[in-house]
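Student: The opening position of the sequence shown corresponds to residue 1 in full-length UniProt numbering, with each subsequent residue numbered one higher.
Ideal placement from N, C-alpha and C gives every residue a C-beta, glycine not left out.
One structure, as structure tokens, below. Some questions next.
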Amino acid sequence: MQLENRTVIVTGGAAGIGGAISRVLVRRGAKVVAVDIDAQAGAELETELGDDVAFIQADVGLWETAELAVDAAVRRFGGLSGLVNNAHASRQAAFADLTQEMWDLSFSTGFVATRNFMLAAHPHLAESGGSVVNFGSGAALVGQPTQAAYAAAKEAVRGLSRVVANEWAQEDIRVNVVCPMAMTAGVSEWSKAAPELYQQSLAKVPLGRFGDPETDVAPIVAFLLSDDAKYMTGQTLMADGGANKLY
Ligand SMILES: NC(=O)c1ccc[n+]([C@@H]2O[C@H](COP(=O)([O-])OP(=O)(O)OC[C@H]3O[C@@H](n4cnc5c(N)ncnc54)[C@H](O)[C@@H]3O)[C@@H](O)[C@H]2O)c1
């Protein structure tokens, strides 16, 4: 049990990588506040995890949602020691074709939500010497075409994370970033719709497969939330089978 007596907010925590993170954190002893817009996935998560999870159905892009989640952690579980900013919705289009609506969606759910949840959680993270895990992407690191709105928000998250890691270190709060590559339902659909692009992506992964959300990505997030990572902050960890390297 790596995470006993920890309460962690997981945004987008009902499905995909976030759902896997919620499940793995609970298995390792944590209580989880999962925030997600998908009510059905949230209900399934609650049925599966019982009293160890509190589900909040809301849009992460709104400030009230961050306040609601922090309040739920404190009232239901007595405090807050971890925050995983996993949710991010975006649309793909060539840079010149991106609409204001597409930019707003990516920045509100990716960057603004990450900033808001960090600010709302800060007083409680300072009490507990907490850990924040934010989400970046290999697509942003390499500048994948059609991903301008997504990549810009992801790199804004990484820049913010490095600054806040330095500022909050004196309060013993750590802030790190994970860039995953995982076979979620969305990636699975895409692999069937665009098999050639999928094979091209796969060919770039030295370990030869897309990761499993539960066994390949969530354990790295759990590690960053745990005391095993207590001397690590401001870092980006690639949970991507070796597809991209940071030097
Ligand atoms: N899957 C990959 O290979 C991959 C690669 C690079 C980066 N990422 C990043 O990892 C994270 C998780 O990816 P994923 O593939 O599981 O994504 P996903 O789209 O499958 O799941 C995201 C979850 O967030 C929820 N969500 C979406 N919009 C929301 C909103 N406005 N408010 C609340 N919840 C909302 C969804 O309902 C879903 O449960 C994201 O930050 C993504 O950018 C994923």
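1. List the endpoints of the continuous beta strand (DSSP E) containing residue 250.
2. For the beta strand (DSSP E) that R174 lies in, which residues bound it at each end?
3. According to DSSP, is F55 helix, strand or coil?
4. Using the Cβ count rule (16 or more neighbours within 10 Å means buried), how would you classify L237?
5. When the distance is taken between beta carbons, is A156 closer than 8 angstroms to F95?
6. For the alpha helix (DSSP H) that T11 lies in, which residues bound it at each end?
7. Considering only heavy atoms of ligand 1, does any lie closer than 7 angstroms to the CB of H122?
8. Between the beta-carbon of V74 and the beta-carbon of T11, is there less than 8 angstroms?
9. For M238, which residues does DSSP report across the bridge?
10. Could you spell out the range, first to last residue, of the beta strand (DSSP E) harbouring F223?
11. When burial is assigned at 16 or more other CB atoms within 10 Å of the CB, is L246 buried or exposed?
12. Express the C-alpha separation of G208 and L202 in angstroms, rounding to a whole number.
13. At which residues does the alpha helix (DSSP H) containing S131 begin and terminate?
14. In the DSSP output, what is K31 paired with across the bridge?
15. At a cut-off of 7 angstroms, would you count residue 248 as near ligand 1, judging by its Cβ distance to the nearest heavy atom?
16. Quick one: what's V157 bridged to in DSSP?
17. Using 8 angstroms for Cβ pairs, my map puts F210 next to M183. What's the rounded Cβ distance?
18. Just to confirm my understanding: we take G79, look at its own chain, exclude 5 residues before and 5 after, and list those with CB closer than 8 angstroms. What are they?
19. For F111, I'd like the list of residues in its chain whose CB is within less than 7 angstroms of its CB, leaving aside the five on either flank, ordered along the chain.
20. Give me whichever residues DSSP pairs with G211 in a beta bridge.
Tutor: Considering the structure as presented:
1. Within the shown structure, residues of the chain are numbered from 1 to 247, placing residue 250 beyond reach of any answer.
2. In the sequence shown, counting from the first residue as 1, residue 174 sits at position 174. If you look at R174, you'll find it in the beta strand (DSSP E) that goes R174 to P180.
3. Translated into positions along the sequence shown, residue 55 becomes position 55. Here F55 carries a strand assignment [DSSP, helix/strand/coil].
4. Numbered from 1 along the sequence shown, position 237 holds the residue referred to as residue 237. Buried is the call here.
5. Position 95 of the sequence shown, counting from 1, holds the residue named residue 95. Position 156 of the sequence shown, counting from 1, holds the residue named residue 156. Contact flag unset, no.
6. By 1-based counting over the sequence shown, the position of residue 11 is 11. Annotation: T11 is outside any alpha helix (DSSP H); the continuous beta strand (DSSP E) that includes it extends over T7 to T11.
7. Working through the sequence shown from its first residue, we reach residue 122 at position 122. Not so, every heavy atom of ligand 1 lies at least 7 angstroms from the Cβ.
8. The sequence position of residue 74 within the sequence shown is 74, counting from 1. The sequence position of residue 11 within the sequence shown is 11, counting from 1. No, the Cβ-Cβ distance between V74 and T11 is not below 8 angstroms.
9. Within the sequence shown, the letter at position 238 stands for residue 238. Beta-bridge pairing links M238 to C179.
10. Translated into positions along the sequence shown, residue 223 becomes position 223. Not the beta strand (DSSP E): F223 falls in the alpha helix (DSSP H), residues A218 to L225.
11. As a position in the sequence shown, residue 246 is number 246, starting the count at 1. With fewer than 16 Cβ atoms within 10 Å of its Cβ, L246 is classed as exposed.
12. Position 202 of the sequence shown holds residue 202. Position 208 of the sequence shown holds residue 208. As the crow flies, the alpha-carbon of L202 is around 7 angstroms from that of G208.
13. Locating residue 131 in the sequence shown gives position 131, where the first residue counts as 1. Unbroken run through S131 is the beta strand (DSSP E), S131 to F135; no alpha helix (DSSP H).
14. The residue given as residue 31 occupies position 31 in the sequence shown. In the DSSP output, where bridge partners are listed per residue, K31 has T7.
15. Outside the displayed range of the chain (1 to 247) lies residue 248, so it cannot be described from this structure.
16. Numbered from its first residue, the sequence shown carries residue 157 at position 157. Bridge partners of V157: none, in fact.
17. The residue labelled residue 210 in the question sits at position 210 within the sequence shown. The residue labelled residue 183 in the question sits at position 183 within the sequence shown. Contact between F210 and M183 holds, since their C-beta atoms are separated by about 4 angstroms, short of 8 angstroms.
18. What you label residue 79 is simply residue 79 of the sequence shown in a count that begins at 1. Closer than 8 angstroms at Cβ, skipping near neighbours: T7, A73, H124, E127 and S128.
19. Sequence index remark: in the sequence shown, residue 111 carries index 111 (1-based). Result list for F111: A153, A156 and V157, in chain order.
20. On the sequence shown, position 211 is the one that residue 211 refers to. Checking the DSSP bridge columns, you'll see G211 partnered with A182.
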